[in-house]
Amino acid sequence: MAVKKKPVTICVINLKGGVGKSTVTALLSRFAFNRKALDVLAIDLDPQANLSQGLMQQEYSDFLSEMRPSIVEVFQDYIPPQKGGGGPTPLDAESVTQVVLDRSDRSLDLIASRFDFSDALTDAIRPDPKILAKFLSKNFKEKDLILIDCSPTESIFTQAAYHASDYVLIPVRPEYFATIGFPLLAESISNFHSKNRGHRLDVLGVIINNAFYDGGNDGGPEKGRAMVEIQRECKKNKWSIFRIPMYHSRGYPKLMRGDYRYPGDASYFWGLADEILEKAGF
Ligand SMILES: Nc1ncnc2c1ncn2[C@@H]1O[C@H](COP(=O)(O)OP(=O)(O)O)[C@@H](O)[C@H]1O
Ligand SMILES: [Mg+2]
125 MAVKKKPVTI CVINLKGGVG KSTVTALLSR FAFNRKALDV LAIDLDPQAN LSQGLMQQEY
185 SDFLSEMRPS IVEVFQDYIP PQKGGGGPTP LDAESVTQVV LDRSDRSLDL IASRFDFSDA
245 LTDAIRPDPK ILAKFLSKNF KEKDLILIDC SPTESIFTQA AYHASDYVLI PVRPEYFATI
305 GFPLLAESIS NFHSKNRGHR LDVLGVIINN AFYDGGNDGG PEKGRAMVEI QRECKKNKWS
365 IFRIPMYHSR GYPKLMRGDY RYPGDASYFW GLADEILEKA GF
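Just add 124 to the spot in the sequence shown (first one is 1) and you have this note's numbering.
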């Protein structure tokens, strides 16, 4: 059997907020680390920092108040002077990663985001969209899996995520607005392909997030119409839809934090996680 190329890098994206990107990224990282025994790096590319908060919990406020290096420093390509002097220092992998979970031979690491992420960078000179890809290729070749949580707006950071990735993973909610954002995403990916012909960026699949409250609102007729649109768009782009959907569950925020006590319906996610990682070659 051929030796697997390391790492497999997947960006979780949809040009729409609230579809489950951060939930999927957090749960998939934990699943890959805990149940598949993989060496994992999660990257938060969204200034809302939901992934960082989900994975770090209370420690996230220490991270902010201690002004520890984050994804901002990765795009700046150096660490600014710290207390005690010494001037700017070169960026190294260890200083920008937070260890979420640790075993002797592997870990679940996080490059966290800050709320001023986009301001800190877009106000300055336009950062190099390949900087993240370069940084990962230099420092994280030994990881098995890298997962990137994207922000919902198309920007330099979306481009950076594409440049760094083997695969795109797309969560979508079957509701009216999905049918507007979906073609935009197809266009964004195809633009990337035409400008970067040497880069193979495949859509790993589309996750149907049935995030409708089970005690009444099941999405109504709009959900059916949206599903038809989603299926049509997927067929057009040759994107496959994962067999297992996400169901509505209030347990997701708990699982995101690593609290496995009462996850309820959220535990169905593990079936989907298995399907996703299998498709990515694990
Ligand atoms: N299937 C679901 N059932 C219940 N709540 C969900 C589901 N999917 C997402 N949510 C909730 O919806 C909100 C948005 O999800 P999130 O993962 O942050 O989306 P995004 O990162 O795409 O903006 C979060 O509060 C999350 O807990
Ligand atoms: Mg998010």
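Each residue gets a CB set at the ideal place from its N, CA and C atoms; glycine is no exception. None of the values given here were measured: they were computed from a predicted structure.
Check, Outcome
"Using the three-state DSSP reduction, which class does Cys274 fall into: helix, strand or coil?", "coil"
"In angstroms with no decimal places, state the Cα-to-Cα distance between Lys319 and Arg238.", "30 Å"
"Whose CA, out of Asp216, Asp168, Val223, Glu183, lies closest to the CA of Ser242?", "Asp168"
"Identify whether Ser189 lies in helix, strand or coil by the three-state DSSP scheme.", "helix"
"Decide if Thr277 is buried, meaning its Cβ has at least 16 other Cβ atoms within 10 Å, or exposed.", "exposed"
"Count the CB pairs spanning the stretch 355 to 365 and the stretch 160 to 178 that are closer than 8 Å, and state whether there are at least three.", "no"
"Beta carbon of Thr277: closer than 7 Å to some heavy atom of ligand 1?", "no"
"What residue range is occupied by the uninterrupted beta strand (DSSP E) comprising Ser231?", "231 to 235"
"With a floor of 3 residues, list each beta strand (DSSP E) that falls wholly inside the stretch 275 to 333, ordered by position along the chain.", "291 to 296"
"Between Leu217 and Ile235, what straight-line distance do the alpha-carbon atoms span, to the nearest angstrom?", "At residue 217 the sequence reads Ala, which differs from the Leu that was named. Going from the Cα of Ala217 to the Cα of Ile235 covers about 9 Å."
"Would you check whether ligand 1 has a heavy atom nearer than 7 Å to the C-beta of Ala397?", "no"
"When the Cα atoms are used, what is the spatial distance from Val136 to Pro295?", "7 Å"
"CB of Asn138 to nearest heavy atom of ligand 2: below 7 Å?", "no"
"Consult DSSP for Ala166 and reduce its assignment to one of helix, strand or coil.", "strand"
"With DSSP as the reference, please indicate the residues paired to Gln222 in a beta bridge.", "Leu234"
"Say the cut is 7 Å; is the CB of Lys145 nearer than that to a heavy atom of ligand 1?", "yes"
"Is Arg324 near ligand 1 - that is, is its Cβ less than 7 Å away from at least one heavy atom of it?", "no"
"By alpha-carbon positions, which one of Phe264, Lys362, His317 ends up nearest to Leu328?", "Lys362"
"Look up Val136 in the DSSP assignment and give the residues it is bridged to.", "Asp273, Leu293"
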